[in-house]
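If you read the sequence shown in our numbering, its first letter stands for residue 19, the second for the next number, and so on. Contents: one structure, followed by commentary.
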Amino acid sequence: MDRRKFINLGGIGITSFTLSGFIPKNLVKKPIVISTWDAGIAANVGAWTILGAGGKAIDAVEKGVMVTEDEMNCCVGLNGNPDRDGHVTLDASIMDHEFNCGSVAFLERIKHPISVARRVMEKTPHVMLVGEGAQQFALEQGFKLESGELSKDAKNSYNNWLKKSEYKPVINIERKNAMSQLDANKMAPHRLSNGEWNHDTIGMIALDSFGNLSGSCTTSGAGFKMRGRVGDSPVIGAGLYVDNEVGAVVATGQGEDVIRVAGASAVVEQMRQGKTPTEACKIIVERINRIKKEKAKDIQICFIAVNKNGDFGSYSLHKGFNYAVHTKEGNKLYEAKSLD
Ligand code: ASP
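Written as structure tokens, this is what we have:
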């Protein structure tokens, strides 16, 4: 902890120091990057090219999730599942250590929504642009308009869905035997044998060597959603929140139920009260479980969190959620704790 911070805390003294969990700077575990699902392994590698070289968290979290947006056989970005009218619509958000944030929602035909979100943050007086306006802004910023054609896999999955045309969010379908440590090259997001994606969002948090936190989140949203539906991922405070004095949080899962409790921000507030990242995530997962009652069995919700000290944690409603953590020691996949 630097001297200025100590003096700032002066009036409230040692109690505040302990409760807020500040520790001396040399004990902070940094840099670190963590991201959702097994796709996070490859994304972390992208982020680490910046973090490992002493770069900034905000650059790392953009570059990291771009890896997943670029992935051809991936559920995030333009290769994701379309809405029920057959169009892929993308949501993304980014936030830095100074409360600067930007997001895009219902964005079509742009390959890197996360970079458009960053431009919203840096080049406009706004936080959020949606739909046509977001696309117009992206084009003005030099982003290319892609064809809008569904990928072969997405087309197959859409055709399958059309047979019943039933919108029913499904709980995450995960590989049965999660591994504790994976080779980054073997781990790419993938469709399962039944044609479903194993997930459709990547969220990432980084703490850089300067001790600054940033986060990002990008998604094609819930597959076969209603046209115009926007999830939690681009909603600052729901899908993503960063408070550099405390910690950062990203959510994945049923977006509507994350928005309802201002999920990411609620988890940050728990950490502010002195909870560890895992405890903080658990409290908000339990809150959602209480609100949803018996309907909680039909949805999945997961939070990942990193605090200012570089401690990380996660919690999910149901089993099957994993997340990737890259530190100087390597890049590992962890199984999240869950209520069941
Ligand atoms: N949270 C995303 C949404 O609701 C979906 C996901 O995380 O899988 O759009």
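Glycine included, each C-beta is placed from N, C-alpha and C at the ideal position.
Sequence-distant Cβ neighbours of V46 in its own chain, meaning closer than 8 Å and more than five residues away, are L225, G229, K326, N327, G328. DSSP places Y176 in no beta strand (DSSP E) but in the uninterrupted alpha helix (DSSP H) bounded by 170 to 182. Excluding the 5 residues flanking it on each side, G72 has same chain C-beta neighbours closer than 6 Å at S227, in chain order.
Collapsing the DSSP output to three states places E80 in a helix. The beta carbons of A280 and D250 sit no closer together than 7 Å. Counting of Cβ neighbours within 10 angstroms places N62 among the buried residues, the total reaching 16 or more.
For T345, the Cβ stays outside the 6 Å cut-off from all heavy atoms of the ligand ASP.
For the pair A172 and G98, the Cα-to-Cα distance works out to about 6 Å. Annotation for F117: no beta strand (DSSP E) segment contains it, and DSSP assigns it neither H nor E. The C-alpha of I319 is placed about 20 Å away from the C-alpha of M244. Contact between V303 and L335 holds, with the beta-carbon distance rounding to 5 Å and staying under 8 Å. F330 is the residue among F330, D316, K311 whose C-alpha sits nearest the C-alpha of V267. If the five residues before and after H144 are omitted, its C-beta is found closer than 7 Å to the C-beta atoms of V138, all from its own chain and listed in chain order.
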